[in-house]
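Each protein sequence line maps, in turn, to chains A and B.
Counted from 1, the first sequence has number 59 at position 29 by the working numbering; the numbering is strictly sequential.
Counted from 1, the second sequence has number 555 at position 333 by the working numbering; the numbering is strictly sequential.
Even for Gly, the Cβ is constructed at its ideal location relative to N, Cα and C.
One structure below.
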Amino acid sequence: MSWSLGETRSLAIKAARGAGMTWGLAEDAGFAVQWLQANGSPGVQILAEYLSWRDDAENEITPAWFAFHQPESPAIYCPIELGTAILDSGKTAPNRFDRVAHPLLLAPFLGVATASGVRCLSWHSTEILLCRNGFTTSAQQRTLLVEQAACQIADSKLSRLSNRIFQRVPDSEQRHIARLEKFAARTYAPASEQSRLTGAGAGVNDND
Amino acid sequence: MPTNLASSEPQDIALRAPSEVMRLKRMGSFHQSRLSFMRVLLRRLKHQGWRFDRPVWRIDHRGVGVATYRAIGPERVYTLIAFAHDLPAEQRSDRVIAEAWDATFTLFDGEPSEDDIVRLSQNVPLQEAGRISASELVLSRANRSVRLFEYVIDCLARGLQPATEMVDPIGYLMRTTAVYGSGKFGAADRDTWAERPEFLGSFQPELLSVWLIRSFTLDLVEHLAQARAPETAVLMSPGIRRRLGVGNSTGLGMAPFLLTHPSLIHAWVNARETALARVRSIQTAAPDKSILFRNLVARAAINARNWTSEHPHQSPKIAGLREDLARLSNHLEDHPLEGSQPWNELYLWAANTLSLEGQEQLVSLMLEPHGEQIDDLADTMSADESGSFHINGTLPAGILKAWLREAYGWALTTDFESDDAIARVWYVSEEKLEPRLGERFEEPLEAYEQPLAPARDAAAMLRSLQEWDDSETIAAFLMKHPEHRHAVRRAQLVAQKPYAEIRDNTIAAEMLPIDLLRCKLSFFGATKFDPRSDRWVRITMFQGAPFPEELADSDPDDLAYPPEKPL
Chain A
31 MSWSLGETRS LAIKAARGAG MTWGLAEDAG FAVQWLQANG SPGVQILAEY
81 LSWRDDAENE ITPAWFAFHQ PESPAIYCPI ELGTAILDSG KTAPNRFDRV
131 AHPLLLAPFL GVATASGVRC LSWHSTEILL CRNGFTTSAQ QRTLLVEQAA
181 CQIADSKLSR LSNRIFQRVP DSEQRHIARL EKFAARTYAP ASEQSRLTGA
231 GAGVNDND
Chain B
223 MPTNLASSEP QDIALRAPSE VMRLKRMGSF HQSRLSFMRV LLRRLKHQGW
273 RFDRPVWRID HRGVGVATYR AIGPERVYTL IAFAHDLPAE QRSDRVIAEA
323 WDATFTLFDG EPSEDDIVRL SQNVPLQEAG RISASELVLS RANRSVRLFE
373 YVIDCLARGL QPATEMVDPI GYLMRTTAVY GSGKFGAADR DTWAERPEFL
423 GSFQPELLSV WLIRSFTLDL VEHLAQARAP ETAVLMSPGI RRRLGVGNST
473 GLGMAPFLLT HPSLIHAWVN ARETALARVR SIQTAAPDKS ILFRNLVARA
523 AINARNWTSE HPHQSPKIAG LREDLARLSN HLEDHPLEGS QPWNELYLWA
573 ANTLSLEGQE QLVSLMLEPH GEQIDDLADT MSADESGSFH INGTLPAGIL
623 KAWLREAYGW ALTTDFESDD AIARVWYVSE EKLEPRLGER FEEPLEAYEQ
673 PLAPARDAAA MLRSLQEWDD SETIAAFLMK HPEHRHAVRR AQLVAQKPYA
723 EIRDNTIAAE MLPIDLLRCK LSFFGATKFD PRSDRWVRIT MFQGAPFPEE
773 LADSDPDDLA YPPEKPL
């Protein structure tokens, strides 16, 4: 069994919303998951990891605004919020961030923000080479899925990347799909008699 | 404000303004036209010389089993796999929350092996609870018409033809209750097949499925009649067969689609409006086209006479349409299509004289004789929503404010503090994820609200934006106000694609979801729009259209309106 990229993106949007993101940022989370999966990367898993981490009341997110205006603040940034802020801001964005949660989720936004050439996103000893439509890395999955890290962005000497596009989310992701489904379920209204009778407008007899 | 309302080709008449077209009352009066997707599909299949057959028919005397219908094109083959079931009557429901159906279907990309059929037999009958794969393009199901299915079998088994008085008002033996495509439940993503020449435009695999389902429903009643009374049973006469299409029962699931696919809606409406502007701009009416048009007006009147609805919203609209068509016919007697830009003159007369239902019927009829001038627009009726996804954050706040005032000026005067303006909540129920609409002040639903109120959200965004200097960037604004991100994304898109936005409040107390449904269904090519409530509708698809075995020798466009003389 595998999943289409489209249904996976829809699920990711609902999951991100269910975990408390605004609708706009949730849409970007959906984009990020699809972009990662299309590049053969664990997009479903990293979003599930991030949403679980974010769901823990002890973990606090700092608004991305601080990364641009008070970079010395002791903060952990949401990778979706920071990624969209970098992409929105064009060339005016900083290139170092002290602490980013699940930084793999930054990659899609930096990739799309790379109008030409190749850039490098790095943390610890992990390096990801990014272009507009994809990325390559030799890093182990374990380091790609790191919970938080200081990140740097730099131009690469490479001019282009050759990357393979994946059209399905493989069966191996089933467990993480199920984790996203749990978050997504928070966006569904509980069943009630009134809702069942009047909400869809079919009334008592929808037959003919 | 950048718009693409001006066509790239020289023409005198401008496109109608979004503020005129994208109102719910007008959208809820759209009619099928030759740009509708069913019409496009049949024209294309005929033009490309597709052939059709039925390789598998393993249906028993109770109507249970599997059948396949194959469409063979110049480059590819598609196969509809139909699973027929014995459904207890008490389980028959058209709602999303149903868990069993009379028949279930999938459209296979190619020719399925026996292993494929076995795999699909374990999943397709479960619909949303099953899984299909990248080899399948569509997942669908249908229920029998309680009013007609058994009656038709009974007639045929006794050697009789069903009465047209019974057949015509219903118009179908089965109605589909969902037709899923584009990656849903594991199906192939749209990206993987959208560039195939046979599928250019919108919803082509889905409508190919429905058209083949129509054949299945006819084959099934003839098979059951034969099984019931082999000595006396007869086949249905071609004239009666043609009167039967496929029904569709549609709830709220379709309504949010128009709001969540803004680029696509722009592409659809822009094509239709461009077609209208081209016809209005024609300098003189060719005699053969005038004759055909008048013939079509008469046939549209027959169609309106056959169209019935008991719904208090639709019934008077149909009565008004009948009057409008009589008025149009009389007008053409006194004002034949002569002089300069006669189609434009006719349109302007209608805009001042007819109801919205009549005006939009006229638009569809005016397009009908002008295939050579407008049919190329069908290939423009698709869109990649991801193309306009990313926000241009370098945009100054002042520009966005100006765009908002232009595109959402109508919304900025609405008092979104009043209960009536925000009376409704779009939400998804945990019951099989059925889309629903609730009352904000009567049910605890607000926490589950879907983002389907662009007018309210744009107005809220502008309120926040007013506190920002015009020279500040949208990127800076969104860092402080991530709650407006979805509204900014939409406003940027609407600035480029003005038909993308509905110019009405979609959560107002008086909003009728059936207006949204009607708009979408008209682009599909549906007819006999018959609301069952303000948010639930039955329609007919492919009624009057040729069957696969008839396509090569018929003109599908000539069958879009009933013949002047019955078959």
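- Counting only Cβ-Cβ distances below 9 Å, L659/B has contacts in chain A at T228, G229, A230, G231, in chain order.
- When CB distances to chain A are screened at a threshold of 8 Å, the residues of the stretch 341-367 of chain B falling below it are R353, S355, A356, N365, S367, in chain order.
- Nearest CB-CB separation between Y218/A and chain B: below the 8 Å threshold.
- Per DSSP, the continuous beta strand (DSSP E) segment holding M763/B begins and ends at 758-763.
- Chain-order list of chain A residues neighbouring G405/B: S34, L35, G36, E37, by C-beta distance under 8 Å.
- The straight-line gap separating the alpha-carbon atoms of N614/B and I696/B is approximately 8 Å.
- Using a Cβ-Cβ cut-off of 7 Å, G393/B is close to nothing in chain A; its nearest Cβ partner there is about 11 Å away.
- I303/B: not part of any alpha helix (DSSP H); member of the beta strand (DSSP E) spanning 299-306, first to last residue.
- Take N727/B, set aside five residues on each side of it, and the residues of its chain with a beta-carbon closer than 8 Å to its own are A633, T636, A643, A675, A677, R678, M733, in chain order.
- DSSP links F259/B through a beta bridge to no other residue.
- Among the residues of chain A, none has a CB under 9 Å from the CB of M683/B; the nearest is roughly 10 Å distant.
- At a cut-off of 8 Å between beta carbons, D411/B contacts chain A.
- Short of 6 Å from the beta carbon of A322/B, and not among the five residues preceding or following it, lie these beta carbons of its own chain, in chain order: L309, Q313.
- When rounded, the separation of the alpha-carbon atoms in L622/B and R412/B is 32 Å.
- Listed as beta-bridge partners of F127/A by DSSP are C181/A.
- For D642/B, the secondary structure class from DSSP, reduced to helix, strand or coil, is helix.
- An exposed status is given to T454/B, since fewer than 16 other beta-carbon atoms sit within 10 Å of its beta-carbon.
- The C-alpha of F638/B lies about 32 Å from the C-alpha of D85/A.
- A Cβ of chain B is located within less than 8 Å of the beta carbon of Q224/A.
- In the same chain as T762/B, and ignoring 5 residues on each side of it, the C-beta atoms closer than 8 Å to its own belong to G393, Y394, G467, V468, G469, N470, A748, T749, K750, in chain order.
- Spanning the alpha carbons of Q67/A and A169/A requires a straight line of approximately 16 Å.
- Under the Cβ distance rule, R711/B counts among the residues neighbouring chain A, one pair being separated by less than 8 Å.
- Following the DSSP letters along the chain, one finds F746/B inside the alpha helix (DSSP H) bounded by residues 735-746.
- In the same chain as D441/B, and ignoring 5 residues on each side of it, the C-beta atoms closer than 8 Å to its own belong to R276, W279, A289, in chain order.
- The beta carbon of T414/B is closer than 8 Å to those of A356 in its chain, skipping five residues each way along the sequence.
- In the three-state reduction of the DSSP assignment, D376/B falls in the helix class.
- Looking from the CA of L160/A, the closest CA among L134/A, G141/A, E111/A belongs to G141/A.
- Excluding its 5 nearest sequence neighbours in each direction, L687/B has C-beta neighbours in its own chain below 7 Å: A619, L622, K623, F699, listed in chain order.
- Residues of the stretch 49-77 of chain A with a Cβ closer than 7 Å to any Cβ of chain B, in chain order: T52, W53, G54, L55, E57, F61.
- Short of 8 Å from the beta carbon of S604/B, and not among the five residues preceding or following it, lie these beta carbons of its own chain, in chain order: A416, L422, G423, S424, L486, A489.
- By a beta-carbon distance limit of 8 Å, Y721/B contacts V243/B. Their separation comes to about 7 Å.
- Rounded to whole angstroms, F330/B and N125/A show a C-alpha spacing of 48 Å.
- Between L584/B and R248/B, the C-beta spacing is not below 8 Å.
- For the pair of segments examined, the stretch 645-657 of chain B was found to touch the stretch 222-232 of chain A: the number of CB pairs separated by less than 8 Å reaches three.
- Residue pairing from DSSP places G660/B in a beta bridge opposite V647/B.
- In the structure shown, K654/B falls within a coil segment according to DSSP collapsed to helix, strand and coil.
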